[in-house]
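Participant: Please find one structure pasted underneath; my questions will follow.
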Amino acid sequence: MKATTPTTLRALRDLAAVAAAGLAAASIWAAGLPDDVGAGVAPFEPQVGVDYALALGDTRISLRVENVVKGMEYAIAYGGHTYTYVLGPFDATHTAVREVADFDGDALPDFVVDVDEATYLLLSTHAAPGANRPAVEFAGHDGC
Ligand SMILES: [Ca+2]
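For the sequence shown, the residue numbers in mature numbering (1 follows the signal peptide of the UniProt record, and there is no 0) are -30 to -1, 1 to 114.
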């Protein structure tokens, strides 16, 4: 009998990520995008240690990326609070903001960001001021 546990766990993790993304997409389609925040922000590659000012509808957003011990820290501020996410591996070297839009329909900004080989969905409905975890992580290709 072959030991298949690691592959099975990886497959379950990936399935859970796809299911969560599907639910998020379904709720977006069910609710429809608010007219004033659907356009989003053009993709860009933030430089480490640089402050960025973005806008989504009437919401002003500041964003700063830093290299920290455990990965790349995204510090995203809007509405008087700062939300932080440490993403990617400790030695992450590349990041990009793919999309800033209101995916979950609460009129607050959500983000899709890449860090090295992984993609992360940061949903405002899952965020609390301070440290947060991404709503969904799409793992990179690992040769499987
Ligand atoms: Ca949102």
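For every residue, glycine included, the Cβ atom is placed at its ideal position computed from N, Cα and C. For clarity, every value in this text was computed on a predicted model and none was experimentally measured.
1) The beta strand (DSSP E) with V38 in it runs from where to where?
2) If you compare alpha carbons, which of V83, E87 and D74 is closest to A45?
3) Using 8 Å for Cβ pairs, my map puts A66 next to E15. What's the rounded Cβ distance?
4) May I ask you to report which of helix, strand or coil DSSP gives T63?
5) Run through the DSSP bridge pairs and tell me what F73 is partnered with.
6) Which one of F108, A101, V85 and F81 has the shortest CA to CA distance from A12?
7) Quick check: D86 and A109, are their CB atoms within less than 8 Å of each other?
Facilitator: Working from what's here:
1) Taken as a continuous stretch (DSSP letters only), the beta strand (DSSP E) holding V38 covers T29 to V38.
2) Considering only alpha carbons, the answer is V83.
3) The pair is a contact, with the Cβ atoms about 5 Å apart (cut-off 8 Å).
4) Coil at T63, not helix or strand.
5) Assignment of beta-bridge partners to F73 by DSSP yields no partner.
6) It is F81.
7) No, Cβ-Cβ distance for D86 and A109 is not below 8 Å.
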